[in-house]
Structure formats: structure tokens, C-alpha cells
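Down below is the structure, laid out as C-alpha cells.
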Amino acid sequence: MIVKSAVKAAAGDMSVGADFYEELNNVVGTAIARAQERAKANNRSTLKARDA
Numbered sequence: 018m019i020v021k022s023a024v025k026a027a028a029g030d031m032s033v034g035a036d037f038y039e040e041l042n043n044v045v046g047t048a049i050a051r052a053q054e055r056a057k058a059n060n061r062s063t064l065k066a067r068d069a
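Every position in the sequence shown, counted from 1, becomes a number in this note's numbering once 17 is added.
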């Protein structure tokens, strides 16, 4: 789900461990799933900032 090159660029001069990408991907996936639940609960099919 995440783009490794974008994460590496955002990290600047810091090294990024392989396990960081996997965990970040999990965090993003969970955030999206929660946003979907919130939008559905509000009878919307569009995710909005307030769902995050």
C-alpha cells in the first residue's frame, strides 16, 4: 500500500529498516479500514479527512 521510495525520501538522511515498511503498511491499512467503517456508519461512500 505504501511506496517505499516515498517513505525513504521522507525519512531524509535516516536509514529505513525493512520491518519499518511492513509495520507502516499495517498502520496505514488499519487507518483506512477504520475510516471506511466511520464513513459507512455515516451513510457515505466517500472517505473524508474527518474519517481519519
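The beta carbon of each residue, even a glycine, is placed where N, CA and C say it ideally should be. Bear in mind the structure is a predicted one, so any value in this text is a computation, not a measurement.
Hey, residue i and residue j: beta-carbon distance below 8 Å or not?
i: Asp68; j: Ala52; result: yes
i: Val24; j: Leu41; result: yes
Span of the alpha helix (DSSP H) holding residue i?
i: Asn43; result: Ala35 to Ala58
i: Lys25; result: Lys21 to Ala27
Can you check which of these residues, the options, is closest to residue i by C-alpha distance?
i: Ala35; options: Gly46, Ser62 and Ser22; result: Ser22
Here's a check: name, in chain order, each residue in its chain whose Cβ is nearer than 7 Å to the Cβ of residue i, leaving out the five neighbours to either side.
i: Ala48; result: Ala69
Ignore the nearest five residues each way along the sequence and tell me which others in residue i's own chain have a CB closer than 6 Å to its CB.
i: Ala56; result: Leu64 and Asp68
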